[in-house]
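Q:
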Amino acid sequence: MVVLEFAAAANAEKPTLPTFSSAPFFYDRTKTGSDGAPELTQGALLADAKHTQAHTNPSVSYYFPVGVSDYHYGERHPMKPARLALTNRLVHGYGLHKYMDVYSPRWATREELEMFHDSDYVDFLSTVNPSTPLSAAFTRFNFADDCPVFDGMYDFCRAYSGASLAAARRLAAGTTDVAINWTGGLHHAKKFEASGFCYINDIVLAILELLRTYPRVLYIDIDIHHGDGVQEAFYTSNRVLTVSFHKYGNDFFPCTGDISEVGIGLGKHFCLNVPLQDGIDDSAYVSLFKSVIEPCIYTFRPGAIVLQCGADSLGLDRLGCFNLSIAGHGECVAFTKAFGIPLLVLGGGGYTIRNVARCWTYETSVLTGTQVPDDLPNTPYDAFFAPTHRLHEPLLARVENQNPRSSLERIRVQILEQLRYMHGAPSVQMHELPPDLAGGWVDEPVKEEE
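Following the UniProt record's numbering, the numbering of the sequence shown begins with 1 at its first residue and continues without gaps.
(1) From the DSSP output, which residues share a beta bridge with Asp177?
(2) If you drop the 5 nearest sequence neighbours on each side, which residues of the same chain put their C-beta closer than 8 Å to that of Val60?
(3) Could you compute how far the alpha carbon of residue 451 sits from the alpha carbon of Leu324?
(4) Thinking Val292 and Arg412 are a contact (beta carbons under 8 Å), I'd like their distance in whole angstroms, please.
(5) Based on Cα-Cα distance, which residue from Glu112, Gln418 and Val230 lies nearest to Gly185?
(6) Which residues does DSSP pair with Pro275 in a beta bridge?
(7) According to DSSP, is Arg398 part of a helix, a strand, or is it coil?
(8) If I follow the unbroken alpha helix (DSSP H) through Ile297, where does it start and stop?
(9) Across the segment 370 to 379 and the segment 319 to 336, are there enough close Cβ pairs to call them in contact, namely three or more that are closer than 8 Å?
(10) Which parts of the segment 146 to 195 are runs of the beta strand (DSSP E), unbroken and 3 residues or longer, counting only runs that do not cross its ends?
(11) Using DSSP with H/G/I as helix, E/B as strand and the rest coil, what is Ser61?
(12) Quick check: what's the CA-CA separation for Thr127 versus Gly227?
(13) Output yes or no for whether 8 Å exceeds the beta carbon distance between Leu218 and Cys296.
(14) On the DSSP bridge assignment, give the partners of Arg390 in chain order.
(15) Pop quiz: Tyr71 and Pro148 are said to be a contact at Cβ under 8 Å. What is the actual Cβ separation, rounded to whole angstroms?
(16) Give me the Cβ distance between Trp182 and Thr299, rounded to the nearest whole Å; I'm assuming they're in contact under 8 Å.
(17) How big is the Cα-Cα spacing for Thr132 and Tyr199?
(18) Could you give the DSSP three-state label for Ala54: helix, strand or coil?
(19) Taking a contact to mean a Cβ-Cβ separation below 8 Å, would you say Gly349 touches Asp251 in this structure?
(20) Taking 8 Å as the limit between beta carbons, can you name the residues of its chain near Tyr351, skipping five residues before and five after?
(21) Relative to the C-alpha of Gly303, which candidate in Tyr285, Ala172, Asp281 and Asp202 has its C-alpha closest?
(22) What runs of the beta strand (DSSP E), each 3 residues or longer, lie entirely inside the segment 66 to 114?
(23) Taking Cβ positions, are residue 451 and Phe192 nearer each other than 8 Å?
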């Protein structure tokens, strides 16, 4: 039996505090100095992951807000929070929860959402409902087909955002090495508006929380869509390096993320974009990922890493056009974990929900260093995985690979050139810390009783 314990003060009123994005510590005011891939089979990637798992045993925590999978964007909308229930059931079905500290975190408060988001926007988000008459505010805050108003929308946002904040706080406190929140990762939301199925940018909130403790945070995004909301939030800051691998061109949403977007002001050269074309496969993607991320880590020297694991970069995704396998996607997670830097792992996109659940379950096993069989455990959602009921289902969309090796090499060289300007990552003296909006609240663990 599972007994859930919640913080008693989850909905307590807190005093209004300054928004986080204007706080002095958001920037480092010091000046910075300027100064052919082998074929990777799914079997080889799985063997590589097992080797990594066998030699690492980090402390892992897992966050799943009660009821977060029960919300519904609409019958025809591609975003399905039910995918979170499928993932959670597989994680528990494999017994992976036994290798993690499992938490049912409290919801984020309004004050915490306003660490990044504009108060007028949060006002609208907290009061609008499906019966609200159309007004200019719908246009102002970008509520339309992609971002519909649905029952419980504000509570949904508070739930997944609270989980990301709880995970970030535990990392910053040093009580976990890896924190997982598959319900988060909504990277398109902007300070003043919704965008791309995203209403609250939990990633930005989590990074701001990590910046209380860590001088530098590296953000990595492997969703097929550009992580525009996170990039925009930190475009002028040299304390966050954003690196996004995504499809770019031909009016593909959100139509940002060109390699020329490198940041401005103090943030110049602290924004890296890896624009890709249709059909990229495991060999090319994983090789490029490793050749970019390793020098980023050694040059920027982050105190913590946030990894957004959008699963719409898998083959056969409803809205995607890449050819990645679950093993290939997971190899990026394993590679990032192997650096031993405090790591926050988040979900994101993913619209073929059976494959989203497979992917994030496998990556949970990678992060816990646990080998799991290919046969899926029995769950109430078995019908979603018929007829094979396998974890590593071949995702043979076989979209033509439009990423020639020469093009990927040019991208790699341009990225490495940007890193030259990052020589001597900023050393930050944090004299002014923002107020801790967490107060005295504690996220209680989920207790398992035999």
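Glycine included, each C-beta is placed from N, C-alpha and C at the ideal position.
These numbers were taken from a predicted model, which means no experiment stands behind them.
A: Short version:
(1) Looking at the DSSP assignment, Asp177 forms no beta bridge with any residue, so it has no partner.
(2) So the qualifying residues of the chain are Tyr99, Met100, Asp101, Thr176, Asp177, Val178, Ala179, Ile180, Leu367 and Thr368.
(3) Look at the range of the chain in this structure, 1 to 450, and you will see that residue 451 is not part of it.
(4) Correct: roughly 7 Å between the Cβ atoms.
(5) Minimum Cα distance to Gly185 is reached at Val230.
(6) Note: Pro275 sits in a beta bridge opposite His246.
(7) DSSP places Arg398 outside both helix and strand once states are collapsed to three, so it counts as coil.
(8) Counting along the chain, the alpha helix (DSSP H) containing Ile297 begins and ends at Asp282 to Phe300.
(9) Under the three-pair Cβ rule at 8 Å, the segment 370 to 379 does not count as touching the segment 319 to 336.
(10) Runs of the beta strand (DSSP E) inside the segment 146 to 195: 178 to 181.
(11) Collapsing the DSSP output to three states places Ser61 in a strand.
(12) Answer to the nearest angstrom: the Cα atoms are 27 Å apart.
(13) Leu218 places its beta carbon less than 8 Å from that of Cys296.
(14) Paired residue(s): Asp375.
(15) No, Tyr71 and Pro148 are not in contact; Cβ-Cβ is about 12 Å, not under 8 Å.
(16) The beta carbons of Trp182 and Thr299 sit about 30 Å from each other, so the pair does not count as a contact at 8 Å.
(17) Looking at the backbone, the Cα of Thr132 and that of Tyr199 are separated by about 17 Å.
(18) Low per-residue confidence applies at Ala54: pLDDT is 42, beneath 50, and the placement is therefore not dependable enough to give any value.
(19) With respect to the 8 Å criterion, Gly349 and Asp251 are not classified as neighbours on the basis of their beta carbons.
(20) Contacts found: Pro78, Met79, Lys80, Asp312, Asp317, Arg318, Leu319 and Gly320.
(21) Nearest of Tyr285, Ala172, Asp281 and Asp202 to Gly303, Cα basis: Ala172.
(22) Counting only runs of 3 or more, we get 101 to 103.
(23) It is not possible to answer for residue 451, since the shown part of the chain is limited to 1 through 450.
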